[in-house]
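Asks: Supplied in structure tokens, the structure appears directly below.
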């Protein structure tokens, strides 16, 4: 299944006053989309403490088309794999204005205990929640 969310983009998101959204902003939008995805899935304090966060251990990106800041971004999120060591997700970024494909990101995530500085195994329940959407 795929989760979809949308974000407005601002002029300050542009690269060197070109009118096009900066690649770093696109990356940040995938992280914000993940936060909404996690909430949508029902992954909450009952599933992981507040000091445990999903962090990327690797990311791959492919760009297809520039995104003008006035267009906004629609992002589709799909979990492709989840196990006790982490999970993988694909992010498809589209223009909210015309549906044109802008970029694809693949993130490999781990849950990180920010107090201990160590990865946290994903429970079977969290794996199920990540994969159900």
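Residue numbers (the working numbering): 1 to 133.
Yeah, the Cβ is synthetic: ideal placement off N, Cα and C, and Gly gets one too.
Fair warning: this is a prediction, and the values are worked out from it, not measured in the lab.
With DSSP as the reference, label residue 124 as helix, strand or coil.
Replies: helix
Asks: What is the rounded straight-line gap between the Cα of residue 109 and the Cα of residue 56?
Replies: 4 angstroms
Asks: Alpha carbon to alpha carbon, what distance is there between residue 90 and residue 81?
Replies: 10 angstroms
Asks: Less than 8 angstroms between the CB atoms is what I'm expecting for residue 30 and residue 107, so what's the real figure, rounded?
Replies: That belief holds up - the Cβ atoms of residue 30 and residue 107 are roughly 7 angstroms apart, short of 8 angstroms.
Asks: Return the residue from the list 123, 100, 67 and 61 that minimises the CA-CA distance to residue 87.
Replies: 123
Asks: Apart from the five residues on each side of it in sequence, which residues of its chain come closer than 7 angstroms, Cβ to Cβ, to residue 119?
Replies: 110, 111 and 112
Asks: Exposed or buried, what is residue 64 when buried is set at 16 or more other beta-carbons lying within 10 Å of its beta-carbon?
Replies: Residue environment: residue 64 is assigned as exposed (fewer than 16 neighbouring CB atoms within 10 Å of its CB, all protein chains considered).
Asks: Between the beta-carbon of residue 74 and the beta-carbon of residue 6, is there less than 8 angstroms?
Replies: If you check the CB distance, residue 74 and residue 6 come in under 8 angstroms.
Asks: Across which residues does DSSP place residue 12 in a beta bridge pair?
Replies: BP columns for residue 12 are empty, so no partner.
Asks: Is the distance from the Cβ of residue 62 to the Cβ of residue 104 below 8 angstroms?
Replies: yes
Asks: Does the beta-carbon of residue 13 have 16 or more other beta-carbons within 10 angstroms, so that it is buried, or is it exposed?
Replies: buried
Asks: Could you pull out every unbroken beta strand (DSSP E) segment of at least 3 residues lying fully inside the stretch 37-119, listed in chain order?
Replies: As for any beta strand (DSSP E) of minimum length 3 sitting wholly inside the stretch 37-119, the runs are 52-63, 73-83, 86-95 and 101-113, ordered along the chain.
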